[in-house]
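Chemist: Protein chains in written order, with this note's numbering: chain A, 1 to 65; chain B, 1001 to 1561.
Cβ atoms here follow ideal geometry from the backbone N, Cα and C, with glycine treated the same way.
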Amino acid sequence: MPLPFADMEEVYEALAVGIDKVGTADAPLFLAKLALMLAHELGDREAALAAIEACQADLVRDAAG
Amino acid sequence: MRPAGRGEHDSLYFSYPHFEPPPRDAGATRQRHEVVIAGAGPVGLVAALTLAAHGQPCLVLERKASFNDGSRAICIARQSMHILERIGAVAPFLEKALPWTTGRSFHRGRQILEFEMPHGADEKFMPMYNLQQQYIELYLWQAAAAAPLVELRWQSELAGIEEAAEGLSLTVRDPGGSYGLDAGWLLAADGARSAVRAMRGLRLQGENHEGRYVIADLRMAHDYPTIRRAFFDPACNPGSTVLVHRQPDDIWRLDYQLEPGERAEDATREAVVREKAGAILREIGHAGDWELEWWSVYSANTLALDDYRDGRILFVGDAAHIVPIFGVRGLNNGIADAQDIGWKLARVLAGQAGAGLLDSYTPERRGATLDVFANATKSTRFMTPPSHGWRLMRDAALSLALAHDFARPFANPRQMAPYTYADSPLTAPDDPAFGGGPLPGSVAPNLRLGEGADGGGFLSDRLGPGFTGLLFGGAGPAGAPADALAALLGEIDPVFRLLRVGGEGADLEDEDGRIAARYAAAPGAFYLVRPDLHLAGRWAEADPERIAAWLADMLDLEEAS
Chain A
1 MPLPFADMEE VYEALAVGID KVGTADAPLF LAKLALMLAH ELGDREAALA AIEACQADLV
61 RDAAG
Chain B
1001 MRPAGRGEHD SLYFSYPHFE PPPRDAGATR QRHEVVIAGA GPVGLVAALT LAAHGQPCLV
1061 LERKASFNDG SRAICIARQS MHILERIGAV APFLEKALPW TTGRSFHRGR QILEFEMPHG
1121 ADEKFMPMYN LQQQYIELYL WQAAAAAPLV ELRWQSELAG IEEAAEGLSL TVRDPGGSYG
1181 LDAGWLLAAD GARSAVRAMR GLRLQGENHE GRYVIADLRM AHDYPTIRRA FFDPACNPGS
1241 TVLVHRQPDD IWRLDYQLEP GERAEDATRE AVVREKAGAI LREIGHAGDW ELEWWSVYSA
1301 NTLALDDYRD GRILFVGDAA HIVPIFGVRG LNNGIADAQD IGWKLARVLA GQAGAGLLDS
1361 YTPERRGATL DVFANATKST RFMTPPSHGW RLMRDAALSL ALAHDFARPF ANPRQMAPYT
1421 YADSPLTAPD DPAFGGGPLP GSVAPNLRLG EGADGGGFLS DRLGPGFTGL LFGGAGPAGA
1481 PADALAALLG EIDPVFRLLR VGGEGADLED EDGRIAARYA AAPGAFYLVR PDLHLAGRWA
1541 EADPERIAAW LADMLDLEEA S
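#1: Quick check: what's the CA-CA separation for glycine 1436(B) versus glutamate 1541(B)?
#2: For alanine 47(A), would you say it is in contact with chain B, using Cβ-to-Cβ distances shorter than 9 Å as the test?
#3: Counting contacts by CB-CB distance shorter than 9 Å, is lysine 1378(B) in contact with chain A?
#4: Are the CB atoms of arginine 1219(B) and leucine 1243(B) nearer to each other than 9 Å?
#5: When the Cα of alanine 1077(B) is compared with those of Pro1003(B), Pro1042(B) and Asn1130(B), which residue comes out closest?
#6: Measuring alpha carbon to alpha carbon, tell me which of Gly1055(B), Gly1070(B) and Ile1083(B) ends up nearest glycine 1007(B).
#7: DSSP three-state label for tyrosine 1213(B), please.
#8: If contact is defined by three or more beta carbon pairs under 8 Å, each pair taking one atom from either stretch, is the stretch 1345-1362 of chain B in contact with the stretch 1092-1102 of chain B?
#9: When the Cβ atoms of the stretch 1431-1451 of chain B are set against those of the stretch 1110-1127 of chain B, are three or more pairs found closer than 8 Å?
#10: Report the CB separation of asparagine 1332(B) from histidine 1209(B) in whole angstroms; it is logged as a contact under 8 Å.
#11: For leucine 1314(B), report the span of its beta strand (DSSP E) as first-last.
#12: Count the CB pairs spanning the stretch 1261-1275 of chain B and the stretch 1285-1305 of chain B that are closer than 8 Å, and state whether there are at least three.
#13: Leaving aside the five residues before and after serine 1460(B) along the sequence, list all residues of the same chain whose C-beta is less than 6 Å from its C-beta, in chain order.
#14: Mind listing the chain A neighbours of histidine 1388(B)? Cutoff is C-beta to C-beta under 8 Å, in chain order.
#15: Leaving aside the five residues before and after alanine 1560(B) along the sequence, list all residues of the same chain whose C-beta is less than 8 Å from its C-beta, in chain order.
#16: Just to confirm my understanding: we take alanine 1159(B), look at its own chain, exclude 5 residues before and 5 after, and list those with CB closer than 6 Å. What are they?
#17: For the putative contact between tyrosine 1421(B) and histidine 1534(B), defined by C-beta atoms under 8 Å, what is the C-beta separation to the nearest angstrom?
#18: Only counting the same chain, and skipping five residues up and downstream in sequence, which positions put a Cβ closer than 8 Å to that of lysine 1344(B)?
#19: Closest by CA to glutamine 1205(B), which one among Arg1263(B), Ser1169(B) and Asp1307(B)?
#20: Kindly identify the DSSP beta-bridge partner or partners of aspartate 1182(B).
#21: For aspartate 1471(B) and leucine 1498(B), what's the separation of their Cα atoms in angstroms?
#22: What residue does the beta strand (DSSP E) around alanine 1304(B) start on, and which one ends it?
#23: Is the stretch 1315-1325 of chain B touching the stretch 1078-1093 of chain B, taking contact as three or more C-beta pairs under 8 Å?
#24: Going along chain B, which residues have a C-beta under 8 Å from leucine 15(A)?
#25: 9 Å is my cut-off, CB to CB: does alanine 64(A) come that close to chain B?
#26: For a contact meaning CB atoms closer than 9 Å, what does phenylalanine 30(A) contact in chain B?
This is the structure in C-alpha cells:
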C-alpha cells in the first residue's frame, strides 16, 4: 500500500533533518542502514531488489559529471 | 533599478503617466470619508473597486505620482481573475496577459519533468496569467477612474493618524501642504514598508529567511512558449536555482539566488546583473540580442501581523504580511485580502451586517497567509535547499521524478490555490448528510453550463453580486422552499439571488446532472455562496428559517446600524 503524498512529505522532511543531524560524513552509512531496515520492514525480497535496481538509474549528478 | 542613464520610470516598453496632486481650495472645509485607503497599488485598488461594486464610496491616497517602477509581481492566479471579473476590471487583463498551464523543471541542464497545473473545460480562466505589475496597476486605475464611487488622490501621503470619537482623524500631505480629514475606517494597503503600520507601532512577526534573490527583466526576441522554467543547479548558477518567465511585450523575467556570502549591494550592480543574465541566456540557448530593462532584489521572508485589525484600521496585502515569492502568493493573497475586507466592510457600512462581521477578516485572511507560509517554506526548501540534508533529499526527489510518478509532487511549485475557510467563524458546520462535493469554506467549484436555453457560459457567470443560493432540483411541488428562501434571505441581503438548479422551473438547466453530481447534491439540497465565491455552508434539506437565522447570525445583523 503506497504512502499518500502528505506522508511522503513528512518522511522527506524527517530524512533531510536526519541527514543534517548525523552530518555529511556519516550520511551514506545512515542511509544504507535505513535502506536495510526499510527492506526488513517491507518483507518483500523482490520489491527490495527492484527498488535497489531502480534507484541506480538517473543519478543525474554522475550523468552530468 | 534600471541601467545607468535611465530614470526610475524610463522603461523600454511602458509609458508611465505622471499624475498631478488634486487641486484644492485653501479654505476647503474638512471632509469626512467613511473609508480611506492608503495605497493605490493592486491591493488598494481592488479594495476600492470591491467597495464600489457593493455601492460604497472611498477615498484612495497614493504617495507616489505614478505606478510601480518595475514589473515586480507578474503572476495572476485564476481566483484573482475571478475577483477582477467581479469588480468589472478583467477585460484588459484577458487582452494583455499571457496565460499558462505548464511548468518545466531542469536539473543540471536536463529536462527532468513537465507539470500541468489543474485545469479543465469547467474553468472559466486559466490557472495562471503573466502580466507586469505596472500593467496590473494601470488597468485597475482605469477601472477606478471610471468608477464614480472611487476618488483617487496622487502625491498624497497619509502623514498622521489620530483616533477620534467616531472614527479616525487623518493628516494628508501633498505638494500643496497638509490638511486634515475624518475617516470612519482606514484600509492600510501601503505595502511591505507600510507607513500606517509604523505609525501604529505594529511589527510583523515571523522569520527572515537567509536566501536573497535577484529578479531581472530583459527584453529580447526569444522563441519559447509561456512556460515557467525552473533550472536546478544549472551551470550558470551552480548550487542554486534559476526561474525564467515570459511576460508580454517580449519581456523575460529571470529570478536567481545570490551566491553564498554575496552582498545584495554587489549582486545588484549593473555589471554583475548583466554578467549573470548573459550566463543564464547562454544556458537557455538564447544567442540573440537582449536589453536590460529593470531589476530588484528580495528575500524570502514569512512575516505577518498577529492581528490584521487595529480598531478602525485594517491591514491589507503586504502591509499585513510578507510572503516568499515562490508560489506567486504576494499579489494573489493581497488581492484576496482586499476582496474579503471590501465586501465585509461594504456590508457593515450599508447596515446589512454588524461590525462583528469584520472580526472574521483576520482569522480568514491570516489563516490564508499561514497556509501560504507552510507551502512557501516547503517550496523555498526545494528551490534553494538550506543545508546538505535538504539538498540531498531534493536531488533524490528530482532524480526519482524522472521515472517515478510518486516523486513528482515534490517538485511541484505548489502554485497558489484558493484557501478553504474551514475554521472560519463565518463557515457553517458541514452537513454530514452530504456524501462528497465541495466543503463549506472552499471556493464554489465552477462548471461550464450546457448551451441551449440558458445560453451557455459558466456557473460563476450566474452568481449574484451578494449571496447566491443554489437550490437543487425538485424543491417540492409548490416550490415552497424556493419562495421562502428567496423571501427570507432577500430580507437579509437585498441582492440575494436564488438559483434553482435542475428540475421544474429551473434557473439553471441540469439535464445531464453534472452540476448536481459536482456538488453531490440530492433534490432539496442547498448551497449558500458568499459574495467572494467561497461557500458559506450547505444543507442537504433546505430549511429556509434555519438557514436565514444562521445567515443573520453570521452577519452579526442584530448589531447592524
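Modeler: Checking against the coordinates, here is how it stands:
#1: 15 Å
#2: no
#3: At least one chain A Cβ lies under 9 Å of lysine 1378(B).
#4: no
#5: Asn1130(B)
#6: That would be Gly1070(B), whose Cα lies nearest to the Cα of glycine 1007(B).
#7: Tyrosine 1213(B): strand per DSSP, three-state reduction.
#8: Three or more beta-carbon pairs separated by less than 8 Å are not found between the stretch 1092-1102 of chain B and the stretch 1345-1362 of chain B, which leaves the two stretches without contact.
#9: yes
#10: The pair is not a contact, with the Cβ atoms about 20 Å apart (cut-off 8 Å).
#11: 1313-1315
#12: yes
#13: Lys1124 and Asn1446
#14: Simply Ile19, Asp20, Thr24 and Ala27.
#15: Val1348, Gly1351, Gln1352, Ala1353 and Gly1354
#16: Thr1171 and Arg1173, listed in sequence order.
#17: 6 Å
#18: If the five residues before and after lysine 1344(B) are omitted, its C-beta is found closer than 8 Å to the C-beta atoms of Ala1353, Leu1357, Leu1358, Ser1360 and Tyr1361, all from its own chain and listed in chain order.
#19: Asp1307(B)
#20: Arg1032(B) and Ser1169(B)
#21: The sequence shown places leucine at residue 1471(B), rather than the aspartate named in the question. C-alpha separation (whole angstroms): 7 Å.
#22: Residues 1291-1304.
#23: no
#24: Contact annotation for leucine 15(A) against chain B: Gly1389 and Met1393 [CB-CB distance below 8 Å, chain order].
#25: In this prediction, alanine 64(A) has a pLDDT of 40, which is less than 50 and means its spatial position is unreliable; nothing more can be read from the coordinates.
#26: Within chain B, no residue has its CB atom less than 9 Å from the CB of phenylalanine 30(A), the nearest being about 10 Å off.
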